[in-house]
Amino acid sequence: MSEHVVPPSARGAATSQAAIAVRSLRRDWFALLGLAVVLAAILSAIFAPYLAPHDPYRVSSAERLLPPGSPGYVLGTDDIGRDILSRLLWGGRISLWVAFFPVLISGSIGLALGLTSWYFGGLTDQVLMRVLDVVLAFPSILLAIGIAAALGPGLRNVIMAIVVV
């Protein structure tokens, strides 16, 4: 008798893209290490108020330029006596804001424009494509610098400049 071969999808094995990615990730130790480092950085930034050993803005002229490994200062202090580890942890929070919100806002705007272009088609699609062609014709870094200069300093303005680019 011949043996009947059953395809993996019929045997109940997961064949989704997510399952394939998880299986590949389990086999790649460097990818797991990278994922762990990224997750540790994100979690340390989120929990900075609980993990930071000192106030990141506290200035101490007596503790200026302490080397890494000094008692109470794992990464040392800067030229005006602020704890470098605390400043890194709190700075990570700002980096998360600048990384997360432009992606969320740009994705939402892109989705809305794409759906509008798809739904109406024709002239609406052509106008939207020409406007996007004009925006994409400018070098991204120059456009971001120009927008940031026009809006002025501040976290919100930086996020808006990145969203536009």
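The numbering of the sequence shown is our numbering, which starts it at 1 and goes up by one.
Glycine included, C-beta positions come from ideal geometry on N, C-alpha and C.
| Check | Outcome |
| --- | --- |
| Check each candidate in Trp97, Leu128 and Gly122 and name the one with the smallest Cα separation from Ala112. | Leu128 |
| Going by DSSP in three states, Asp83 sits in which element: helix, strand or coil? | strand |
| To the nearest angstrom, report how far apart Phe100 and Gly146 are at their CA atoms. | 22 angstroms |
| So, using beta-carbon positions, are Asp79 and Leu65 closer together than 8 angstroms? | yes |
| Tell me the residue span of the alpha helix (DSSP H) that contains Leu132. | Gly122 to Ala137 |
| Work out the CA separation of Ala31 and Ala161 for me, nearest whole Å. | 32 angstroms |
| Tell me the rounded alpha-carbon separation between Leu51 and Ala45. | 9 angstroms |
| Three-state secondary structure (DSSP) at Ser60? | coil |
| Going by other Cβ atoms of all chains shown within 10 Å of its Cβ, with 16 needed for buried, is Leu155 buried or exposed? | exposed |
| Out of Asn157, Leu132 and Leu85, point me to the one whose CA is closest to Pro49's CA. | Leu85 |
| Closer than 6 angstroms by C-beta to Leu25: which residues in its own chain qualify, once you throw out the five before and the five after it? Chain order, please. | Ala31 |
| From the DSSP output, which residues share a beta bridge with Tyr73? | Ser70 |
| For my contact list, Gly76 and Pro68 are in at a C-beta cut-off of 8 angstroms; report their separation, rounded to the angstrom. | 4 angstroms |
| Under three-state DSSP, which class holds Ser108? | helix |
| One question on the structure: do Pro102 and Asp83 come within less than 8 angstroms of each other, judged by their Cβ atoms? | no |
| Given this structure, state the Cα-to-Cα distance separating Leu142 from Leu43, to the nearest angstrom. | 33 angstroms |
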